[in-house]
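In the numbering used here, the protein residues as written are 3 to 426.
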Amino acid sequence: MVRTIVGANWGDEGKGKITDMLAAESDIVVRFQGGANAGHTIINDYGRFALHLLPSGVCSPNVVNIIGPGVALDIEAFLREMEDVVSKGVPQPKILVSERAQVLMPYHVEFDELEEERLGKNSFGSTKSGIAPFYGDKYQKIGLQLCQLYYPDVLREKLAHALDIKNALMEHLYHKPPIDLEALIAQMTELAERIRPYVADTDEYLMNAVREGKNILLEGQLGTLRDPDHGIYPMVTSSSPLAGFAPVGAGVPVWSIKEIIAVTKAYSSCVGAGPFTTEIKGDEAEELRKRGGDRGEYGAKTGRPRRVGWFDCVATRYGCEMQGATEVALTNMDVLGYLDEIPVCVAYECDGERVERFPVTPKLEKCRPVYVTLPGWKCDIRGIKHFEDMPENARRYVEFIEKQIGCPIKMVSNGPRREEMMYR
Numbered sequence: 003m004v005r006t007i008v009g010a011n012w013g014d015e016g017k018g019k020i021t022d023m024l025a026a027e028s029d030i031v032v033r034f035q036g037g038a039n040a041g042h043t044i045i046n047d048y049g050r051f052a053l054h055l056l057p058s059g060v061c062s063p064n065v066v067n068i069i070g071p072g073v074a075l076d077i078e079a080f081l082r083e084m085e086d087v088v089s090k091g092v093p094q095p096k097i098l099v100s101e102r103a104q105v106l107m108p109y110h111v112e113f114d115e116l117e118e119e120r121l122g123k124n125s126f127g128s129t130k131s132g133i134a135p136f137y138g139d140k141y142q143k144i145g146l147q148l149c150q151l152y153y154p155d156v157l158r159e160k161l162a163h164a165l166d167i168k169n170a171l172m173e174h175l176y177h178k179p180p181i182d183l184e185a186l187i188a189q190m191t192e193l194a195e196r197i198r199p200y201v202a203d204t205d206e207y208l209m210n211a212v213r214e215g216k217n218i219l220l221e222g223q224l225g226t227l228r229d230p231d232h233g234i235y236p237m238v239t240s241s242s243p244l245a246g247f248a249p250v251g252a253g254v255p256v257w258s259i260k261e262i263i264a265v266t267k268a269y270s271s272c273v274g275a276g277p278f279t280t281e282i283k284g285d286e287a288e289e290l291r292k293r294g295g296d297r298g299e300y301g302a303k304t305g306r307p308r309r310v311g312w313f314d315c316v317a318t319r320y321g322c323e324m325q326g327a328t329e330v331a332l333t334n335m336d337v338l339g340y341l342d343e344i345p346v347c348v349a350y351e352c353d354g355e356r357v358e359r360f361p362v363t364p365k366l367e368k369c370r371p372v373y374v375t376l377p378g379w380k381c382d383i384r385g386i387k388h389f390e391d392m393p394e395n396a397r398r399y400v401e402f403i404e405k406q407i408g409c410p411i412k413m414v415s416n417g418p419r420r421e422e423m424m425y426r
C-alpha cells in the first residue's frame, strides 16, 4: 500500500513527526519534492533531529529511504545530514538517491541570495537555499540530472552552456565576478564521487516494490498554500507540495496511492511572506509561539520566529480538498491548554461580504477573520493515551474543527514525541 503525508496549510504542520511515527510500519519512505529549504523536526529515542533533505524514515533501521527525482538534490547538504544523523547514534540509514534527481548547484544558492537582496522589501521571504533558481533551470532545461555528473563530456557541455547565461546575469544584473567553469567542474566531479554509493535507479526499485505490495510512505514538504498553482501565489515554493504530484516526484503509479494524510496544527503557524488571515501579534502571539512545539515556533531550517495565529477552517478545508485528503492528523493540541477561550476562524469578511471559500491572493489580502470562540480545557493533556480520556472541551474542539473542514480527523497529537499520539 502507498500512503502520502502532506501539509494542509503553509508548511510547519508537524509532518516530520507523523512520518517518523508511520515509518515504523513502512518498508520504504520517499521524499518526492522540495529540497533543503525547509525542515522536518522529529524526536525519538535517538534524540531530536531537524531533517531538511533526508526522508523522515532515516531513524527507522528497517526502512529504505529514497530521495525521488522530484527533489532538489543539494549534494553537500545531503552528505552533511547523513554524517550528522550517524554521529548522533542512528544506525547507518538505508538510503537510495534517484539517478534522475536534479542537482542543486552552488550558483543556485548564490543567485537566490542575490535576488532576495535585489528585491529588498519586495522579496519573497526565501530561505535562500537556491530553490527558485534551481527549479527555474530545471524547467528551462539547463539543469543537471545526477546521472549526468558521471559523463565528463556531458557535464562540461551542460555547465558551459549554463554559465553563458549565469555569467551574463552576474555581470550585468548583479555586478559580481563570473563563475569559473573549471573550478565548478572539479567541485561537482568530487561531489559526484562522494554520493556515488547512494545513486540508484529508484524508478525500477519502487515499481518492483509496488508490485510486491510493500508499504510505501511518500513524504512532502511545506503545504497546500505554498503550492505554485493553488497556493498564495507568488508567495509560494517552486515545486508542488500536493499529493497529486507525489507519484510524479517519487516515481510510483498514480493508482497505487490509497491514503492521503493531511497534517494541520491545532492552531496556525507560518514561516515566510504572504497573507495570513488569522495571524496574531504582540504579547498574545509571543505566548503562543513560546509554548508551541518542543522548542517553540521557530523555523527548523531558518530559526526564524514563525508567524502564529488561530486555527483557520477556511484555509484548512481548502487545503484538505486540494490535497484530496482521506484523513487528517491534528498536531500540537497540547499547546493550547493554557487558554480560557480559543478563537477558531470559520469564515472571512471581505468588503462587507462573508467569504467561506478560500479566495485568490489579491482578495485574500483584504480578508479579515470571522471567529467562533470555543471554551478552553485549562489543563495539560500530555500523557493521555486515548482520545476518549481527553477533557470534554478538548474533544469538542477537535469535533468542531472536523465538522468545519469536512474531513475525518483520525490522529490527534498531544506532544512532540512519536508515541504522543491518540487515534480516533
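Note that beta-carbon positions come from the ideal geometry of N, C-alpha and C, so glycine has one too.
Delimiting residues of the beta strand (DSSP E) encompassing residue i
i: A103; result: No beta strand (DSSP E) holds A103; DSSP gives it neither H nor E.
i: M413; result: I411 to S415
i: N46; result: H42 to N46
i: V32; result: I30 to R33
i: G49; result: G49 to L53
i: M424; result: M423 to Y425
i: A349; result: E343 to C352
i: G225; result: I218 to G225
i: V250; result: Element bounds for V250: not the beta strand (DSSP E) but the alpha helix (DSSP H), A248 to A252.
i: N67; result: V66 to I69
i: V256; result: Premise fails: V256 is in no beta strand (DSSP E) and is neither H nor E.
i: V357; result: E355 to V357
Residue i - containing alpha helix (DSSP H), residue span
i: T363; result: T363 to L366
i: I234; result: Counting along the chain, I234 falls outside any alpha helix (DSSP H), and DSSP gives it neither H nor E.
i: P199; result: From DSSP, P199 is part of no alpha helix (DSSP H); its letter is neither H nor E.
i: F80; result: I77 to S89
i: P135; result: I133 to Q142
i: V156; result: P154 to H174
i: I383; result: Where I383 is concerned, there is no enclosing alpha helix (DSSP H), given that its DSSP letter is neither H nor E.
i: N210; result: T204 to R213
i: L290; result: G284 to R293
i: I20; result: K17 to A25
i: G9; result: No alpha helix (DSSP H) contains G9, which is instead part of the beta strand (DSSP E) from V4 to G9.
Residue i, DSSP secondary structure in three states
i: L98; result: strand
i: A268; result: coil
i: M392; result: coil
i: F313; result: strand
i: T333; result: strand
i: T129; result: coil
i: R306; result: coil
i: L146; result: coil
i: R398; result: helix
i: T318; result: helix
Close Cβ partners of residue i (< 8 Å) along its chain, the five nearest in sequence each way excluded
i: L216; result: A quick correction: the sequence has Lys, not Leu, at residue 216. Hits under 8 Å: D29 and I30.
i: I411; result: E329, V330, A331, L332, V400, I403, E404 and R426
i: R359; result: V316 and Y320
Whether residue i touches residue j by CB criterion (7 Å)
i: K90; j: G49; result: yes
i: G311; j: S270; result: yes
i: A225; j: N11; result: Residue identity check: residue 225 is Gly in the sequence provided, not Ala. For G225 and N11, yes; Cβs fall inside 7 Å.
i: R420; j: M23; result: yes
i: L165; j: I144; result: no
i: L208; j: A248; result: no
i: L103; j: L148; result: Checking the sequence, you will find Ala at residue 103 rather than Leu. It is a contact, given that the beta carbons lie within the stated cut-off.
Proximal residues to residue i (C-beta, below 7 Å), its chain only, five neighbours per side dropped
i: T204; result: I68, G70, L98, S100 and G253
i: V156; result: Q150
i: W379; result: G339, P393, N395 and A396
i: C315; result: V346, C347, V348, I403, Q406 and I407
i: P63; result: P93
i: G16; result: V265, K267, T333, N334 and S415
i: P377; result: E343 and N395
Own chain residues within Cβ distance below 6 Å of residue i, not counting five before or after
i: T328; result: E261 and I262
i: T280; result: S270, G311, W312, D314, C347 and P371
i: D353; result: none
Taking contact to mean 3 or more Cβ pairs, one atom from each stretch, closer than 8 Å, check whether the region 179–190 and the region 223–242 are in contact.
no
Do the region 157–173 and the region 39–58 touch if we need at least three Cβ pairs shorter than 8 Å?
no
Does the pairing of the region 17–37 with the region 284–298 give three or more beta-carbon distances under 8 Å?
no
Is it a yes or a no for the region 75–83 touching the region 236–246, going by three-plus beta-carbon pairs under 8 Å?
no
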